[in-house]
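In terms of my numbering, the sequence shown has 181 at position 201, counting the first letter as 1, and numbering is strictly consecutive.
Notes for the one structure printed next.
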Amino acid sequence: MSEENICIGRHIHKSRQEADECGQQMATGLRNKIISSLHSEIVLGDCLEVIKTLPDESINLVVTDPPYGISWQSKWYKSDAFEVMAGDGDLNWLSIVPDMYRVMKRDSSLYVFASHRKVDEVKAAFDKHFNFKNMLAIKKRHFSGLGDLSSYANGFEIALYYTKGSVKFEKVNVKPVAQSHLKDTRHANKSFVHRPTSWIDWIPSSPYNIDIVHPTEKNVRLISLFIELNSREGDVVLDPFLGSGTTAVAREMLRRRWIGIELSKEYCETARGRVAKWVSQSRLDKVWDNGD
């Protein structure tokens, strides 16, 4: 076929420029079709490999609680302590950061939890790709290290907040305001809003430890706060380190599409069970609300 007649798919074009434009349109159409087909699912596998299968700029928000790199073992309120966290002996997972950036849409947000012992290494890796906005300190329900009299008890969890592009919160006035503050005449203007602070003390970082099914399980209310602030209904939220599925439950509650990736088959099943339980309860509540 001559250079004047170039074939792409079922179309014949008279110039290379026309063919290139058609090829770009077809690629864009295919990409949009893939993105529109994304739905809520839990994927069993290594997130370092699974994330490579996701399309570019297909994710609206990332909320994740990866390994801390400290060989953590929780013993709270359990007759048999949790095993040492698999893969928690290092921070090799940080190689996923470039792919996180690739799959996130422009003007999107990311929350990543980190240990105070390793937060400098985690931050350095994300700083290379994302816009660092703030370090959140989230009050723990129970203080850790109570038996160590050589140091302070760690009373908070750390989450790093990043953006890709320019982002504004979808919701404000999320923090309860003291009556004394409301009575302050300087704040009499009804248009005054209270943006969330980087010190989150009104939502504890974890559920009651007696109920946890994962050693680093986070509070559904806390994850819901991040999702409400940085996404809308129908958006796609990614958690590459799903664990027991707290983020999946929060996203299902808020009607987001989501993708959760988890290496452990046991925790995959736990997460699926938690999501299924919430969906079943939600449907039952709707039946009661309708009086059926």
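The C-beta atom is built at its ideal place from N, Cα and C for all residues, glycine as well.
Checklist entry - When we look at the beta-carbon of E150 and count the other beta-carbons within 10 Å, is it buried (16 or more) or exposed? => result Exposed.
Item to check | For K257, the three-state DSSP class (helix, strand or coil) | outcome: When secondary structure is reduced to three states using DSSP, K257 falls in the helix class.
Item to check | Cβ-based burial, A104 [other Cβ within 10 Å; buried from 16] | outcome: So A104 ends up on the exposed side.
Checklist entry - For the 8 angstroms Cβ check, are there 3 or more pairs between the stretch 70 to 80 and the stretch 246 to 254? => result Segments in contact, no.
Checklist entry - Does the Cβ-Cβ distance between R212 and N40 come in under 9 angstroms? => result Judged by their CB atoms, R212 and N40 are nearer to each other than the 9 angstroms cut-off.
Next on the checklist: Can you tell me whether R231 is helix, strand or coil according to DSSP?
Outcome noted: DSSP places R231 in helix when its eight states are reduced to three.
Checklist entry - Using a Cβ-Cβ cut-off of 7 angstroms (strictly less than) and excluding sequence neighbours within five positions of D45, which residues of its own chain qualify? => result Excluding sequence neighbours, D45 sits near F93, T196, K198, F221, G223.
Checklist entry - Which whole-angstrom value is the C-beta distance of V147 and S89, which I expect to be below 8 angstroms? => result With a contact defined as Cβ atoms closer than 8 angstroms, V147 and S89 qualify at about 5 angstroms.
Checklist entry - Would DSSP call T33 helix, strand or coil? => result Correct three-state label for T33: helix.
Checklist entry - Since R86 is in the beta strand (DSSP E), which residue starts that stretch and which ends it? => result Here the beta strand (DSSP E) through R86 covers 84 to 94.
Item to check | Simplified DSSP assignment, three categories, for L243 | outcome: In this structure, L243 counts as coil in the three-state DSSP scheme.
Item to check | Cα-Cα separation, C248 to N114 | outcome: The alpha-carbon of C248 is positioned some 31 angstroms away from that of N114.
Item to check | Per DSSP, cross-strand counterpart(s) of W314 | outcome: Here the chain comprises residues numbered -19 to 272, so residue 314 is not present and cannot be evaluated.
Checklist entry - Got a sec? Which residues, its chain only, sit under 6 angstroms from R82 by beta carbon, not counting five neighbours each side? => result Result list for R82: D36, in chain order.
Checklist entry - Quick one: what's got a C-beta closer than 6 angstroms to G49's C-beta in the same chain, skipping five residues either side? => result So the qualifying residues of the chain are D70, L71, K98.
Next on the checklist: On the CB-based measure, 16 or more other CB atoms within 10 Å of its CB, does V232 come out buried or exposed?
Outcome noted: Here the sequence assigns Glu to residue 232, which means Val is not the residue at that position. Burial state of E232 is buried, judged by a 10 Å Cβ sphere holding 16 or more other Cβ atoms.
Item to check | One or two residues paired with A139 in a DSSP bridge | outcome: A139 is bridged to F93, L116.
Item to check | Own chain, CB closer than 7 angstroms to R201, minus 5 neighbours either side, in chain order | outcome: Closer than 7 angstroms at the Cβ level, and outside the excluded window around R201, lie I183.
Next on the checklist: With a threshold of 6 angstroms on Cβ separation, who are the neighbours of G240 within its own chain once the five nearest residues in sequence on each side are excluded?
Outcome noted: Counting only residues of its own chain and dropping the five nearest sequence neighbours on each side, G240 has a CB closer than 6 angstroms to the CB of I22, D219, L222, A228.
Next on the checklist: Let me check you understand the geometry: is the CB of T250 closer than 8 angstroms to at least one non-hydrogen atom of the ligand ZN?
Outcome noted: Among the components modelled here there is no ligand, and therefore nothing to report on the ligand ZN.
Checklist entry - Under 9 angstroms, do H96 and K144 count as touching if we go by C-beta distance? => result Inclusion of H96 and K144 in the CB contact set at 9 angstroms is not warranted, their separation being larger than that value.
Checklist entry - Which term fits A230, buried or exposed, when burial requires 16 or more other beta carbons within 10 angstroms of its beta carbon? => result Classification of A230: buried, given that the 10 Å Cβ count is 16 or more.
Checklist entry - Cβ atoms of A117 and S178: under 9 angstroms apart, would you say? => result With respect to the 9 angstroms criterion, S178 and A117 are classified as neighbours on the basis of their beta carbons.
Item to check | V200 - containing beta strand (DSSP E), residue span | outcome: Here V200 belongs to no beta strand (DSSP E); instead the alpha helix (DSSP H) covers 200 to 210.
Item to check | Backbone secondary structure at L340 - three-state DSSP | outcome: Within the shown structure, residues of the chain are numbered from -19 to 272, placing residue 340 beyond reach of any answer.
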